[in-house]
Amino acid sequence: MQKSVVLRISIQILVDRSTLRGRAHLFLLPVTIDWLFISQSGEFPGATQSYWFSSIALVRTKSAARLHLQSATTMATTPALVLLPEWGSGHLMSMLETCKRVLLSGRKAFSITLLVVRPPTAEATSEVEAHVRREAASGLDIRFHRLPAVEPPADAVGVEEFIARYLSLHAPHVRDAVAAMACPVAALVLDLFASPLVGVARDLGVPSYVFMSSTGAMLALMLHLPVLHEAVTVEFEELEGDVHVPGLPPMPPASMICPVVDKKSPNYTWFVRLGDRFMDATGIIANTAEGLEPGPLEAVAESRCVPGRPAPPVYPVGPVLSLGDRSPSHECVAWLDAQPPASVVFLCFGSMGWFDPPQVAEITAALERCGHRFLWVLRGPPSSETGAGAPDGSEHPTDADLDLILPEGFLERTKGKGMVWPTWAPQKDILAHAAVGGFVTHGGWNSVLESLWHGVPMAPWPLYAEQHLNAFELVADMGVAVPLKVDRKRDNFVEATELERALRSLMTGGDEEGRRAREKAEEMKAVCREAVAEGGSSQAALQRLAEALRSGAVIPKG
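Taking numbering that gives the first Met the number 0, I'd label the letters of the sequence shown as residues 0 to 557.
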């Protein structure tokens, strides 16, 4: 592979002009060097490193001042947080945004080194490159170390197995990268799918933290899963009665997360293993707040998930959201500007959510019959260019052909009352809009947090991953959502009559569930904002985490 290195050196000197008249001067000078790796597969920012040059000759000539760097020693004393995220945007950005908060809360007492895993698909690689470029330009002390490529596991059966095995194959390269660091390492922060690599941190004498980009309920379940594995001998769907997870109400088996519904699947085996390795970590960082999920977080803290074995300390520092700047010029936002307050139901199903024509027909029937204003982000099926059949499950929808997928006359009949948007939409800006009164969502945790931040009640329509558990918690525990019955045996199919019922409950609050969801969503809006405010529970957890990281920083064993 062809590779070149471009060095961009930035130097600032404050010196009196009168001292530069033909003479050379020696002084201690900080120099910042950025480098960018350019290869056939694309560009990856390398790192930003500070040096102190102990002997510098600055010579004034007729044409220019020439700087001679004669010798240097690295002042690499700032402890580093070394991050190993899963490459999906939700995992990567949630971990990075959280660790940026740690960096800033400690008055930049840490640096961040992100270990970049080459994703298995071109689409995912493009997304990672975009994130890396954006963060490299942020001005924060964030460095990027691109791990050598490894061959993906060709025999992986399921998505979760593939991701966990693929990350585990990088263990030797992670070990080499951390061992080679010249500065103290505060922690190796691992995605939940990379939790088996706590052994790498242990071998190097470095603290390890598992980052949970999902819920506290998911954390409680994963810690408790090895216990359930021993106690439940049949498939969960065959279980008579409920599943009992510490800190949660009794849960119907149909609400279990997708990777564990089939015990014969390697996905299940890997998830039991992942949960077991959580217990070996120094700590667990969670993108949630004490006030959002008191039950499961207390269960973990009180060691009720694994009886007789204390769990690592948990730091609930959320909600961590990258809200960014508003997009007032977007067509969806402009359409909302013309709608009455709290009158629009927003339907959006994440970066990988799409429906086939029969399900689209049910949705259109429900929207027409309930009569509410709506903004619907409708995507088309994945193509070979957007990752169809990707082993890591990163099948991105295409832009929908509305004339092809919608029933004839639907757009005309709902003109003025509804908007169907066939491509990406600024979800965070839409949820922030006063016209939005309800959210039909796939229930991904980042989407849930955005909705709660703005006090928008939900009707969760789970599609994959842990979303069925999220939907259960939102309805049965938090009370911020109305239930929506999905048929898991029919690919999470929802009948028009069921969706219509949920929409009426969500938007009018005409029944007890709808009224409760609206009231609780408003309560959780306050909980979210108080948690991250000065003196809030998440701010306190962030300070505890920063102190633990500072006190635990060590030079890795060679």
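Idealized CB from N, CA, C, for every residue including glycine.
All of these numbers come straight from a predicted model, not from anything done at the bench.
Reducing DSSP to helix, strand and coil, say where residue 190 ends up.
-> strand
So residue 438 is in the beta strand (DSSP E); what residue range does that whole segment cover?
-> 435-440
Kindly indicate which residue of 123, 412, 508 and 316 has the alpha-carbon position closest to the one of residue 213.
-> 316
Smallest Cα separation from residue 476: which of 292, 345, 367 and 330?
-> 292
By Cβ distance below 7 Å, which residues in the same chain neighbour residue 93 in space, the five residues on each side in sequence not counted?
-> 212, 286, 319 and 445
Selected residue, minimal CA-CA separation from residue 432, among 189, 99 and 342 = 342
DSSP three-state assignment for residue 414, whether helix, strand or coil = strand
Within 8 Å (strictly less), CB to CB, does residue 411 reach chain B?
-> No chain B appears in this structure, which consists of one protein chain only.
State the beta-bridge partners of residue 347 as determined by DSSP.
-> 440
Beta strand (DSSP E) containing residue 375: first to last residue?
-> 372-376
Could you tell me whether the segment 505-513 touches the segment 446-453, where touching means 3 or more Cβ pairs closer than 8 Å?
-> no
Reduced DSSP secondary structure (H/G/I, E/B, other) of residue 404 = helix
Beta carbon of residue 456 nearer than 8 Å to that of residue 470 = no
Residue 419 - partner residues in DSSP beta bridges | 375
Buried versus exposed, by CB contacts within 10 Å (16 or more), residue 340 | exposed
Just to confirm, are residue 244 and residue 220 a CB contact at a threshold of 8 Å?
-> yes
Could you check what DSSP says for residue 137 in three-state terms: helix, strand or coil?
-> coil
List the endpoints of the continuous beta strand (DSSP E) containing residue 282.
-> 282-285
Quick one: what does DSSP say residue 316 is sitting in, helix, strand or coil?
-> coil
Per-residue DSSP class, three states only, for residue 603 | As displayed, the chain neither begins before 0 nor continues past 557, which places residue 603 out of reach and without an answer.
Go ahead and label residue 306 buried or exposed: buried means 16 or more other beta carbons lie within 10 angstroms of its beta carbon, across all protein chains shown.
-> exposed
State the start and end residues of the unbroken beta strand (DSSP E) segment that holds residue 463.
-> Segment: none, residue 463 is in no beta strand (DSSP E) and carries neither H nor E.
Whole-angstrom distance between residue 538 and residue 531, CA atom to CA atom = 5 Å
Nearest residue (CA-CA) to residue 401, options 204, 411 and 395 | 411
When you compare only the Cα positions, how much space is there between residue 304 and residue 360?
-> 43 Å
Check the C-beta distance from residue 101 over to residue 505 and give it rounded, since I have them as a contact under 8 Å.
-> Incorrect: roughly 37 Å between the Cβ atoms, too far for contact.
Helix, strand or coil at residue 82 according to DSSP, with G and I counted as helix | strand
Residue range of the alpha helix (DSSP H) that includes residue 473 = Premise fails: residue 473 is in no alpha helix (DSSP H) and is neither H nor E.
Taking C-alpha atoms, which residue in 501, 535, 554 and 483 lies nearest to residue 254?
-> 483
Check the C-beta distance from residue 203 over to residue 555 and give it rounded, since I have them as a contact under 8 Å.
-> 4 Å
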